[in-house]
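Asks:
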Amino acid sequence: MAVASSASPINPEQLAQTLSQMRPLQLPLEPSWWPPALAWWLALLAVLACLAGIYLLWRRYRGPLWYRQAQNILQEIRDQLSTASADNYVQAQNQAITQMNRLLKRVALTLYSRDSIASLTGDQWCKWLDQQTRARFFTQGHGRVFADYQYTSAQSGQQIKPNAVFKGVKRWLKKHKSKTPKHNSLTTQDSVTSSSEDKSQAIHS
C-alpha cells in the first residue's frame with residue numbers, strides 16, 4: 502500500500518519571490534595592512550638599529566675627514582718615492598721627508614692650538630710630537646730625522662729609512678684618529694708658517 506506524500510509541490514513563482522526578498526551575502530572585509538601589528542613595528546625598529554650601528558662602525562673605521570685627507574696625502578708621498586729613479590732617489594727622499602714633516606705640522610694645526618705649534622722646529626718639534634702619543638719615535642727613533650736632517654745630508658752618510666719613517670708618521674696619525682679637531686678638514690698648506698723649517702729640512706743637491 503503506497504503512502505501518499507504530504508509535501509506539496511514547489512511553486513516556482515513563490516520560490517523566485519522568496520529569493521528576491523533575500524539579502525545578498527555580506528563577505529567579510531579583507532584585513533588591512535595598516536596599521537601593522539606590533540611585531541612588525543618591533544622588527545622595523547630592530548632593522549633600523551642594526552643599520553645605524555653599521556653606519557656608525559663604518560664611520561669610525563674610516564675616521565674623520567681630516568684623517569682621511571692626511572692618509573691620502575701620506576700615501577701619495579710614499580707612491581712618489583717608490584717610483585723615483587735611482588739617479589733621482591736622494592732628491593726624492595729629501596722631498597718625501599720634507600713633505601711628511603709639513604703634513605705633520607698641518608695635522609697638528611688642525612687638532613691643536615696654533616700658538617703652541619706653529620713656531621716649533623727641530624728638537625722641540627720632535628719632542629712635542631712624542632709628547633702627544635707618549636712615545637719616543639721622533640726623539641729617539643727613525644722619526645728623529647725631522648730634527649737631524651738640517652744638520653746632516655744624505656750624501657754625507659746619514660742613514661735614513663723612509664719606510665720606517667712612513668710607518669711612524671702613519672702610527673702617529675692613527676693615534677689621533679678619534680681626537681676632535683678644531684677644523685673638520687685638514688688645515689691648508691698656506692697656513693703652515695714654517696718657512697724656516699722647510700729651509701732647514703731641505704738638502705741642496
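The opening residue of the sequence shown carries number 502 in this note's numbering; numbering runs sequentially from there. Every residue, glycine too, gets a C-beta built ideally from N, C-alpha and C.
#1: What are the boundary residues of the alpha helix (DSSP H) that Q527 is part of?
#2: Helix, strand or coil for K668, going by three-state DSSP, please let me know.
#3: When burial is assigned at 16 or more other CB atoms within 10 Å of the CB, is K606 buried or exposed?
#4: Output the boundary residues of the alpha helix (DSSP H) element that contains A619.
#5: Roughly how many angstroms lie between the CA atoms of K676 and Q581, to the nearest whole one?
#6: Would you say the stretch 588-595 touches the stretch 604-619, given that touching needs at least three Cβ pairs under 8 Å?
#7: Does the beta-carbon distance from Q576 to S686 come in below 9 Å?
#8: In angstroms with no decimal places, state the Cα-to-Cα distance between D625 and R672.
#9: Enumerate in chain order the residues of its own chain whose CB-to-CB distance from G462 is below 6 Å, with the five nearest sequence positions on each side excluded.
#10: Rounded to whole angstroms, what's the CA-CA distance from L552 to L546? Just pull it up for me.
#11: Using the rule of at least 16 other Cβ atoms within 10 Å of the residue's Cβ for burial, across every protein chain shown, is A648 buried or exposed?
#12: Tell me the residue span of the alpha helix (DSSP H) that contains W534.
#13: Assign Q736 to buried or exposed, taking buried as 16 or more other Cβ atoms, counted over all protein chains shown, within 10 Å of its Cβ.
#14: In angstroms with no decimal places, state the Cα-to-Cα distance between L566 and L604.
#15: Measuring CB to CB, does L610 end up less than 9 Å from K680?
#16: Residues in its own chain within less than 8 Å of L549 by CB, not counting five upstream and five downstream?
#17: Alpha carbons only, please: which of L530, N589, V608 is nearest the one belonging to I574?
#18: Using only alpha-carbon positions, find the residue among P663, G669, S614 that is nearest to T640.
Replies: The relevant details are as follows:
#1: Where Q527 is concerned, there is no enclosing alpha helix (DSSP H), given that its DSSP letter is neither H nor E.
#2: helix
#3: buried
#4: Note, A619: premise wrong, no alpha helix (DSSP H); not H, not E.
#5: 25 Å
#6: no
#7: no
#8: Reading the sequence as shown, one finds Gln at residue 625 and not Asp. One C-alpha to the other measures close to 20 Å.
#9: Absent from the structure is residue 462, since the part of the chain shown begins at 502 and ends at 706.
#10: 10 Å
#11: buried
#12: Neither: W534 is in no alpha helix (DSSP H) and is coded neither H nor E.
#13: Outside the shown range of the chain, which is 502 to 706, sits residue 736, and nothing can be said about it.
#14: 15 Å
#15: no
#16: none
#17: V608
#18: G669
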